[in-house]
Structures are given as structure tokens and as C-alpha cells.
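**Q**
In the numbering used here, the protein residues as written are 14 to 184.
Structure, rendered in C-alpha cells:
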């Protein structure tokens with residue numbers, strides 16, 4: 014089975030190339046044209062990504078992350094969200110890899126079948142890295158209404174965590 018999945022992506026590429034050649038598409042030229050568009054995209058996204066990276070690092074190093082967790086833990090507890098997953102909830106909108114590391118620590122510490130671990134998995138899967146996706150989507154727009162979109166995304170993420178933890182309690 015693992016062998017099949019290892020071959021799946023190369024197989025998709027090969028089938029796509031064969032299909033494109035039957036359709037008389039110049040595969041290499043099309044690929045190069047697409048690659049040319051990647052450089053301006055990277056240049057336009059870079060400032061947003063650098064800001065997000067610096068923000069997440071500054072939150073951790075300055076101790077503000079720990080202070081936020083301390084302040085928000087009673088709010089999470091009020092809504093039925095375990096306070097042990099508060100660090101994961103705060104880091105997920107900023108950093109995908111940081112949230113995976115945090116989830117791994119929670120699973121190792123509390124066990125994979127515990128209520129806390131189930132809530133942590135729901136919190137991790139409840140949203141994408143909101144600020145990263147916002148940076149990618151809004152970097153190409155001339156009129157940026159990023160604040161409203163981020164607020165709605167963060168509210169939806171927190172609502173998903175609260176409802177997901179409620180469902181984990183039932184299950």
C-alpha cells in the first residue's frame with residue numbers, strides 16, 4: 014500500500030503529460046510560462062510572510078504568548094475548551110509547523126485517546142493558518158480589506174474549536 018502512494022504523485026504527473034501531449038499542448042513551454050509567474054508572486058507575498066514569521070517569533074520570545082494564554086485560559090474554560098490546548102489555539106493561526114509541534118507535544122503528554130487530545134486534534138483541524146492564507150490571498154489584491162476577513166476567519170476558527178470540543182465531550 015505504501016508503495017502505491019509513493020508512486021501516486023509521479024503517476025499523476027506522467028498521466029497529465031501524456032494527456033497534454035494528446036491535446037497538442039506544449040508541456041514544457043506551458044510549464045516555463047507558469048514558472049515565470051511564480052517569481053512576481055513570491056516577491057509580492059514575501060513581506061507578508063516575513064511579517065507573520067517575525068510576529069509569531071516575537072510573541073514567543075517576548076513572553077506575550079504565555080501572558081495571552083494565562084489571560085485566555087479562563088475564557089476557554091468557560092466555553093468548555095481544555096486550557097491545556099490554549100497554546101495550540103493561539104499558535105495555529107500563525108504557524109502551521111509550530112501548531113503541529115504543539116499538537117505532537119499534547120498527544121504525547123495526554124495520550125491520543127484522551128479528551129484533551131481529541132480537542133487538540135479538532136482545534137488543529139478546525140482552520141488553516143489564517144494569517145498565512147490571508148497574506149497569500151490579499152497580496153495580489155489592490156483593494157485590501159484584510160481586517161474584516163481576518164476577524165471573520167478568527168471568529169469562525171474559535172467557534173469551530175468550541176463546538177468541536179463540545180462534540181468531543183459527547184463522543
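All C-beta atoms, glycine included, are put in the ideal place defined by N, C-alpha and C.
It should be emphasised that the depicted structure is a prediction, and the values quoted were computed from it without experimental measurement.
#1: Measuring alpha carbon to alpha carbon, tell me which of 23, 31, 144, 153 ends up nearest residue 160.
#2: So residue 124 is in the alpha helix (DSSP H); what residue range does that whole segment cover?
#3: In its own chain, which residues sit with a C-beta less than 7 Å from the C-beta of residue 124, not counting the 5 before and 5 after it?
#4: Between residue 175 and residue 136, what straight-line distance do the alpha-carbon atoms span, to the nearest angstrom?
#5: Rounded to whole angstroms, what is the Cα-Cα separation between residue 119 and residue 58?
#6: Thinking just about the alpha-carbon of each residue, which of 150, 45, 146, 89 is nearest to the one in residue 173?
#7: Helix, strand or coil: which one does DSSP assign to residue 107?
#8: Note down the Cα distance separating residue 77 from residue 158, rounded to an integer number of angstroms.
#9: Express the C-alpha separation of residue 128 and residue 183 in angstroms, rounding to a whole number.
#10: Counting only the same chain and skipping the five closest in sequence on each side, list residues whose C-beta sits under 7 Å from that of residue 85.
**A** Reading it off the structure:
#1: 144
#2: Unbroken run through residue 124: none, as it is neither H nor E.
#3: 130
#4: 9 Å
#5: 32 Å
#6: 89
#7: coil
#8: 27 Å
#9: 10 Å
#10: 99
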